[in-house]
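Okay, so here's the structure we're looking at.
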Amino acid sequence: MKSKHVALVILTIFLVGVFFSTELSAQCAMCTLNAENSTTNGNTQGKGLNDGILFLLAIPYLIAVGVGILWYKKYRKNQPKQVSPFER
Numbered sequence: 365m366k367s368k369h370v371a372l373v374i375l376t377i378f379l380v381g382v383f384f385s386t387e388l389s390a391q392c393a394m395c396t397l398n399a400e401n402s403t404t405n406g407n408t409q410g411k412g413l414n415d416g417i418l419f420l421l422a423i424p425y426l427i428a429v430g431v432g433i434l435w436y437k438k439y440r441k442n443q444p445k446q447v448s449p450f451e452r
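Position one of the sequence shown corresponds to residue 365 (this note's numbering), numbered consecutively onward.
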């Protein structure tokens, strides 16, 4: 019963955050205008900025995948090996 209550509270907080959030700028107004104008004039500074952002976003996911793989290998190593009834 307690776990259902905790899950309901977390879901409620998540839904309130999603539906009542406002649009935010990740950069100052000058940086945003500079990045937008540089891509329209054929300059590659905006592309470099976007590549940097993607790089920063990818690192936590790669770390999580690495931890998941290590955990899976360790968990699988501790499992007793099961023999199929069809093998001799």
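Just so it is clear, CB atoms sit at the ideal spot from N, CA and C, and this is done for glycine as well.
Would you check if the distance between the CB atom of residue i and the CB atom of residue j is smaller than 8 Å?
i: L413; j: A393; result: no
Which class does residue i belong to by DSSP, given the choice of helix, strand or coil?
i: K368; result: helix
i: V447; result: coil
For chain D, find out if any of its Cβ atoms is closer than 8 Å to the Cβ of residue i; answer yes or no.
i: F378; result: No chain D appears in the structure shown, which is made up of a single protein chain.
| request: Taking only runs that begin and end inside the segment 376 to 441, name each unbroken alpha helix (DSSP H) of 4 or more residues, in chain order. | output: 393 to 404
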